[in-house]
Amino acid sequence: MNQQRIDGGARRAVFAPVDSRARVDAVVRRIGDAIELGLLGDGEQLPGESELAGQLGVSTVTLREALMALRQQGLVTTRRGRGGGSFVSLPEAPGEERLKVRLSGWSTEELRDLGDHWAALSGTAARLAAERTEPEDLVPLRRTADELAQAEDAAARSRLYGRFHVELSAAAQSARLTREQVALQTEVGALLCLVLGDGEYREEVSERLRFVISAVQDGAHESARELAERCVRESTARLIALRLSL
């Protein structure tokens with residue numbers, strides 16, 4: 232499914248220079264995470280090798296090794312000749328049973344700790360966004376909340392939910408918070424398919440996200456923080472309850 236191109240701070244964080252250590256792995260992780268979260272749309276063409284290597288602050292040799300690894304993972308396809316290049320290939324959604332097996336590998340304590348980290352990131356991002364954001368910075372957030380309200384399958388909902396939290400960090404104008412949120416969503420994002428399949432909960436989440444946007448727009452930084460944290464804690468509680476039932 233083709234997705235609308237995502238602009239703004241979230242995309243800038245994707246193509247910011249990577250860490251100087253283990254650069255091939257860092258590039259693979261950065262681009263792979265962005266694809267799985269939907270920050271790079273299915274079928275989207277990546278920048279040319281020289282341009283992309285320059286944006287990421289790596290050599291073209293390093294970039295080619297990373298693209299090879301991404302092709303092996305099925306996240307990127309490469310076409311030769313005129314109109315060729317490297318293109319995003321969105322992975323298929325993992326099956327429900329495989330996700331339940333994955334969830335069963337987490338203890339309730341680990342899930343609670345993950346939720347605490349997520350709440351801290353999103354709460355801080357919401358507070359900072361309410362202090363720093365400009366009206367145009369809220370456009371991606373509104374678009375993602377609207378798409379989530381209409382998304383039919385659980386995999387799309389989980390991607391959009393994760394994307395919202397990444398875009399919230401981008402609205403806070405913090406590249407470090409944005410990168411941390413991207414990394415966290417790759418841990419929790421797929422698992423949320425298990426709770427976002429419920430249409431009623433999808434509607435509840437969409438409404439909560441709109442409350443966060445309104446608080447950010449109004450500059451109500453403490454309210455924005457509390458609403459974002461509450462949204463995350465509710466999702467985490469549902470995952471823990473499901474884990475206990477397995």
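Per our numbering, the very first residue in the sequence shown carries number 232; after that it's consecutive. Cβ coordinates follow ideal geometry from the N, Cα and C atoms, glycine included. Being a predicted model, the structure only gives us computed values, none of them experimental.
Asked                                                                                                                                                                           : Found
Could you tell me the distance, in whole angstroms, from the CA atom of V436 to the CA atom of E453?                                                                            : 20 angstroms
Exposed or buried, what is V292 when buried is set at 16 or more other beta-carbons lying within 10 Å of its beta-carbon?                                                       : exposed
Any beta-carbon of chain B closer than 7 angstroms to the one on E340?                                                                                                          : Among the chains of the structure shown, chain B does not appear; only one protein chain is present.
Roughly how many angstroms separate the alpha carbons of E434 and A380, rounded to a whole number?                                                                              : 6 angstroms
According to DSSP, F318 sits in a beta bridge with which residue or residues?                                                                                                   : Q276, T308
Excluding the five sequence neighbours on either side, which residues of its own chain have a C-beta within less than 7 angstroms of the C-beta of L415, listed in chain order? : H348, W349, L352
Buried or exposed, going by whether 16 or more other CB atoms sit within 10 Å of the CB of A385?                                                                                : buried
Compute the Euclidean distance between the alpha carbons of S466 and A387, then round it to the nearest angstrom.                                                               : 16 angstroms
L458 and V447 - do their beta-carbons sit closer together than 7 angstroms?                                                                                                     : no
In the structure shown, what three-state DSSP assignment does G346 receive?                                                                                                     : helix
For Q412, which three-state DSSP category applies?                                                                                                                              : helix
Apply the 10 Å Cβ neighbour rule to D449 and answer buried if 16 or more other Cβ atoms are within range, or exposed otherwise.                                                 : exposed
Taking the alpha helix (DSSP H) that V289 falls in, what are its first and last residues?                                                                                       : Per DSSP, V289 belongs to no alpha helix (DSSP H) and is neither H nor E.
For A284, I'd like the list of residues in its chain whose CB is within less than 8 angstroms of its CB, leaving aside the five on either flank, ordered along the chain.       : S290, T291, T293, L294
Please identify the residue among L287, A300, V255, P278 whose C-alpha is closest to the C-alpha of G314.                                                                       : P278
Does DSSP put T339 in a helix, in a strand, or in coil?                                                                                                                         : helix
Do you know offhand how far R333's Cα is from L470's?                                                                                                                           : 12 angstroms
Contact check, C462 vs R441 under 8 angstroms by CB: the rounded distance?                                                                                                      : Contact doesn't hold; Cβ gap of about 11 angstroms is too wide.
Under the assumption that L301 contacts V259 (Cβ atoms under 8 angstroms), give the Cβ distance between them as a whole number of angstroms.                                    : 6 angstroms
Is A406 closer than 7 angstroms to D368 when the C-beta atoms are compared?                                                                                                     : no
Starting from F442, follow the alpha helix (DSSP H) in both directions and report where the run begins and ends.                                                                : 430–448
Under the rule that 16 or more other beta-carbon atoms within 10 Å means buried, what is T308, buried or exposed?                                                               : exposed
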